[in-house]
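Step one of this worksheet: look at the structure below.
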Amino acid sequence: MENSPALLRVKRLIKRFGEMTVLKDVSFDLRAGEVHALCGENGAGKSTLIKCLSGVWPHGSYEGRIEVGGEEVRFGGIHEAEEAGVAVIHQELALAPEMTVAENIYLGSEPTRRGLIDWGVVYAGTEAMLREYGLDLDPAATVSSLGVGRQQLVEILKALSKKARILLLDEPTAALTDTEVEVLIRIVRDLRARGVGCVYISHRLDEVFALSDRITVLRDGETTGTLTTSSTDRNEVIRRMVGREIKDYYPRHPSRKGDVLLKVERLTVGGEEKGRQVAKEVDFEVRAGEVLGIGGLMGAGRTELLMHLFAGVGKRLGGNVFLRGNAHLPSPPAVSIGKGLMMVTEDRKREGLVLDQSIGFNLSLASLAQFTCRGLLDEGAEFRRNQRFFDSLGVKAPNQEMAVGRLSGGNQQKVVLGKALMTEPWVILLDEPTRGVDVGAKVDVYELINRLTYDGKAVVMVSSELPELMGMSDRILILSEGRSGGLFDRDEATPEKLMKAAMAHHARRITEKQT
Amino acid sequence: MKSSLQRNISMGLALFLISAFFTLHPKGAQFLSPQNLSNLSIELAITAILALGMLVVLLPGMIDLSVGSGAGMLGGIACVLVVSPQYLGLPGHGWPAFLALAAATLLALGLWAMMGALIIRYRVPAFIITLGGLLVFKGAHWAVIRNSTIPVAPGGTENFFSLLTTYYIPSWGGYLLLILVSAGLFFARRRRRWLRLRHGLPVDDPKVDFLKFFVMFQCLLLLVVVMNHYKGTPLPLVILGAVILAIQTITRNTRFGRYLYAIGGNEEAAVLSGINVQRVIIGAYLLLGGVVALTGFMQTAYGGYTTTTVGNLMELDAIAACVIGGTSLKGGRGTVSGVLFGALIMATLLNGMTLLAVTPEVKLIARGVVLVLAVWMDVRFSQTGK
Chain A
256 MENSPALLRV KRLIKRFGEM TVLKDVSFDL RAGEVHALCG ENGAGKSTLI KCLSGVWPHG
316 SYEGRIEVGG EEVRFGGIHE AEEAGVAVIH QELALAPEMT VAENIYLGSE PTRRGLIDWG
376 VVYAGTEAML REYGLDLDPA ATVSSLGVGR QQLVEILKAL SKKARILLLD EPTAALTDTE
436 VEVLIRIVRD LRARGVGCVY ISHRLDEVFA LSDRITVLRD GETTGTLTTS STDRNEVIRR
496 MVGREIKDYY PRHPSRKGDV LLKVERLTVG GEEKGRQVAK EVDFEVRAGE VLGIGGLMGA
556 GRTELLMHLF AGVGKRLGGN VFLRGNAHLP SPPAVSIGKG LMMVTEDRKR EGLVLDQSIG
616 FNLSLASLAQ FTCRGLLDEG AEFRRNQRFF DSLGVKAPNQ EMAVGRLSGG NQQKVVLGKA
676 LMTEPWVILL DEPTRGVDVG AKVDVYELIN RLTYDGKAVV MVSSELPELM GMSDRILILS
736 EGRSGGLFDR DEATPEKLMK AAMAHHARRI TEKQT
Chain L
184 MKSSLQRNIS MGLALFLISA FFTLHPKGAQ FLSPQNLSNL SIELAITAIL ALGMLVVLLP
244 GMIDLSVGSG AGMLGGIACV LVVSPQYLGL PGHGWPAFLA LAAATLLALG LWAMMGALII
304 RYRVPAFIIT LGGLLVFKGA HWAVIRNSTI PVAPGGTENF FSLLTTYYIP SWGGYLLLIL
364 VSAGLFFARR RRRWLRLRHG LPVDDPKVDF LKFFVMFQCL LLLVVVMNHY KGTPLPLVIL
424 GAVILAIQTI TRNTRFGRYL YAIGGNEEAA VLSGINVQRV IIGAYLLLGG VVALTGFMQT
484 AYGGYTTTTV GNLMELDAIA ACVIGGTSLK GGRGTVSGVL FGALIMATLL NGMTLLAVTP
544 EVKLIARGVV LVLAVWMDVR FSQTGK
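For the record, the sequence lines run as chains A and L.
Residues 256 to 770 (our numbering) are what the first sequence spells out, left to right.
Residues 184 to 569 (our numbering) are what the second sequence spells out, left to right.
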């Protein structure tokens, strides 16, 4: 295998968004008949890399060189990448749910006879492919009737039908059940035997070690060298993933701890899919003046846990939640806010802000009852309060009437935080509070968290960035597959410990699968 | 902000051109006569009131196609109750008009609250529910009036119902109203300006500010003077004024109004901000139901009787008025002043064409063209606005 030629080669790839450099220096190569795993923390630049390779970010928007089969390629768009044999299997599936398996596989390249679609060829071709890969799927089944795992297989078949030689699999197992993972792994091995090159992105190290030939670790947008799977181990990979200095820009000043404001006891929550549990017997408590960090990998159930506490999303299958000593049943946001529980969601554009409206409109949106007098809004009082928050948050805009959609990410985040604070919560849940925020605004957000705890509030902060988690939390709860992977005090937490805890329950999954 | 000013200017221009066309047309000498302007003001009031109601459901991203046939039905029911309650199997020789209108209004509130609940509880698209409403109400209208023609007041008499569009405020009353409205407007603007200044928000130059008020005052004065040249200020204009005040207050100065914009702008964010979306949407339809009843009574009274065609296509005029006035069909964007401009354009167009004795088929085509033009404008504006 050492002698097989490079199917795909990436040389010194650099990608910037404005002033942020997401990919600083990425180099690796993929051979035919190889599974090459790309590992890295959330935000290390994996998805951006995939986008560069698949033509989403066209040639010219990045620096560096991409070669396919020894020649440089300059993709202007996704179609050119497809023609060159590069196909991506995304985390979110891109299938037409109400069409059949065969229709999806031939979507966009339907064989025609005298201008009409030749359905015979479509179905016969699909069946031939299914036989070839030994898959038990009905070509006439509607895609939406299949499980997520099988949909993923359809997606892979679709890519193969377009004669893909290079498959980029972006977290393909994130939404799969164990048996589905098994089928996927079998298919990928099969593809490898046929000479297809696979780039396999995952932070589930067990899968990576079970499947890959080589591993490249990405950290902060840089590749830290390529390892041969058979001659390395998990600890080495973890060390390379997190091995950086944690700079001292986390200004956490521990505050005096008060009463327990939020207590979660053996909480088990069902997910939207039947039978899936997003949280399993989770225990924690947060005191006044304390920041509880919640870490874990993507898909560990962190957001689902917060959304259950705040918005009653998901079915509570067991356990209790106490808010300031009183039982807190699953309830809509309006009720939670009334009881002093507020949440700042991860996706501020989709869930946090009314982008067309002004800063002031958004700041006071959740607190209008405070300004209502005999049914009418007291504009003066609202203006005043908005202005106080506008000033103290340091939102960079000419005045509070500017449309929120025109602010930068960091300033938008300040507005979302301001909206949450204006409701005067006791407990505030922050989901990735600094995602997509520049460094300066990040520190502002941290200062705000300090101020909150100083005022005796309790903060629960979900973060995927280990340095942030370790820098800002008083205690850290790590979730792994919906379960608690460990609870650490600020002083005892090390990146290695946290990373291992985050994968605590993955290991079990894989061993269960192999037996 | 800039685009809304541009829009107002371009709408003013369009209005001017339409009016100029009708005035200069050889058959249009009557267009600017006090009598025609008085009629136009009644027609405007009806279109504008319905459009303002429509605004309330368009803001959160909903729609209502049933308002036209609903208005026809409610006017029809009121007529039947007043003139021939036996059609509904009710005893007596006709209810007092006031009672009939109250009963029809209550029915409207119930029906619209029900439609709102169906839309938001069961997540059936508003388009479908209200399209069903359009057909059902039309059928119910015909059934209630037994496909006949029924006057709003028994044989040549007057009642509360017929006076809705036939009562004119005497000239001294018109001037008194003018003074009250102008003073209210003046102080409201003053207060707002003072508030904005106190919070360091940008305000117009005092001269510009005064000029704006002065132009508004002049328009109102001109309106009252012209109306007094005919029979006085028509009651529908006063009703329109009250509805404008109500809708403006609701959309700008209540929580409910804020929530309408928030839901239309980003429903998910609205829910997570603790807004009870179900209650707001049902409230919006309830409000619209009341407005539909009011316009139904006015439209029926304006014709003098109910018949199978009353209310036809009123929903399209209302939606067109909103969209021309800058309301987004996707929700989240729209103002009372814009809708008034839109209604003015639609009403002027229809009135002028009637005056020129344009045939009904051409009228329909012209309205259709204007509607399409308006939606095209909406798409264009929402693209460049971002």
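The beta carbon of each residue, even a glycine, is placed where N, CA and C say it ideally should be.
Here the structure is a predicted model, which means the values were calculated and not measured.
For A/Arg639, the chain L residues whose C-beta falls within less than 9 Å of its own C-beta are Arg381 and His382, listed in chain order. One Cα belongs to L/Leu200, the other to L/Leu241, and the distance between them is close to 28 Å. Bounds of any beta strand (DSSP E) do not take in A/Asn654, whose DSSP letter is neither H nor E. A Cβ-Cβ distance of about 14 Å is found for the pair A/Arg459 and A/Thr484, leaving them out of contact under the 8 Å criterion. For A/Glu720 and A/Val590, the gap between their C-alpha atoms comes out near 31 Å.
Of all residues in the region 626-637 of chain A, those with a C-beta nearer than 8 Å to a C-beta of chain L are Thr627, Gly630, Leu631, Leu632, Glu634 and Gly635, reading in chain order. In this structure A/Gly673 is in contact with A/Leu648, their Cβ atoms being roughly 5 Å apart against a cut-off of 8 Å. The beta carbon of L/Cys505 is closer than 7 Å to those of Ala234, Met237, Leu238, Leu241, Gly517, Val522 and Gly525 in its chain, skipping five residues each way along the sequence. Residues are counted here when their Cβ sits less than 7 Å from a Cβ of chain A; for the region 497-517 of chain L these are Gly515 and Arg516, given in chain order.
Just measuring C-alpha positions, the residue of A/Pro722, A/Val717, A/Asp729 and A/Glu687 sitting nearest A/Asn705 is A/Asp729.
When the alpha-carbon of A/Arg603 is set against those of L/Ser456, L/Met297 and L/Ala280, the nearest one is in L/Ser456.
If the five residues before and after L/Ile229 are omitted, its C-beta is found closer than 6 Å to the C-beta atoms of Thr478, Met481 and Gln482, all from its own chain and listed in chain order.
Residues of chain L whose Cβ lies closer than 8 Å to the Cβ of A/Asn654 are, in chain order, Gly383, Leu384 and Pro385. For A/Leu473, there is no enclosing alpha helix (DSSP H); the residue is part of the beta strand (DSSP E) that begins and ends at Arg469 to Arg474. Interface annotation, A/Pro688: not in contact with chain L, CB-CB separation never under 8 Å.
Chain A has no Cβ within less than 8 Å of the Cβ of L/Gly367. Under the 8 Å Cβ criterion, the region 437-451 of chain L does not count as touching the region 372-391 of chain L, having fewer than three qualifying pairs.
For A/Lys674, at least one C-beta of chain L is nearer than 8 Å to its own C-beta. For A/Arg386, there is no enclosing beta strand (DSSP E); the enclosing alpha helix (DSSP H) has its first and last residue at Trp374 to Glu387. Against L/Ile430, chain A offers no close residue; the least beta-carbon distance is about 14 Å (beta-carbon pairs closer than 9 Å).
In the same chain as L/Arg190, and ignoring 5 residues on each side of it, the C-beta atoms closer than 6 Å to its own belong to Gly509, in chain order.
Using a Cβ distance threshold of 8 Å, L/Phe344 and L/Ala300 do not count as a contacting pair. A/Gly740 has its alpha-carbon roughly 23 Å from the corresponding atom of A/Val472.
Among the CB atoms of chain A, one or more fall inside 8 Å of the CB of L/Glu451. By the criterion of a C-beta distance shorter than 7 Å, L/Leu527 is surrounded in its chain by Leu198 and Leu227, once the five residues flanking it on both sides are discounted. In this structure, L/Ile352 sits away from L/Leu289, with a CB-CB distance that is not shorter than 8 Å. With its beta carbon at least 8 Å from every one in chain L, A/Thr487 lies outside the interface.
Closer than 8 Å to the CB of A/Gln668 there is not a single CB belonging to chain L. Distance from the Cα of A/Leu466 is smallest, within the candidate group A/Ala292, A/Leu596 and A/Gly331, for A/Ala292. Across the structure, A/Gly573 and A/Val524 are spaced so that their CA atoms are roughly 7 Å apart.
L/Tyr442 is classed as buried because its beta carbon has at least 16 other beta carbons within 10 Å across all chains shown. Taken in chain order, the whole beta strand (DSSP E) runs of length 3 or more contained in the region 441-467 of chain A are 452-456. In this structure, A/Arg571 is the residue among A/Ala351, A/Ile493, A/Ala757 and A/Arg571 with its C-alpha nearest to the C-alpha of A/Val533. Assigned with DSSP and collapsed to three states, L/Phe214 falls in coil, not helix or strand. Under the Cβ distance rule, L/Ile427 does not count among the residues neighbouring chain A, no pair being separated by less than 8 Å. The Cβ atoms of A/Thr478 and A/Val281 lie closer than 8 Å to each other.
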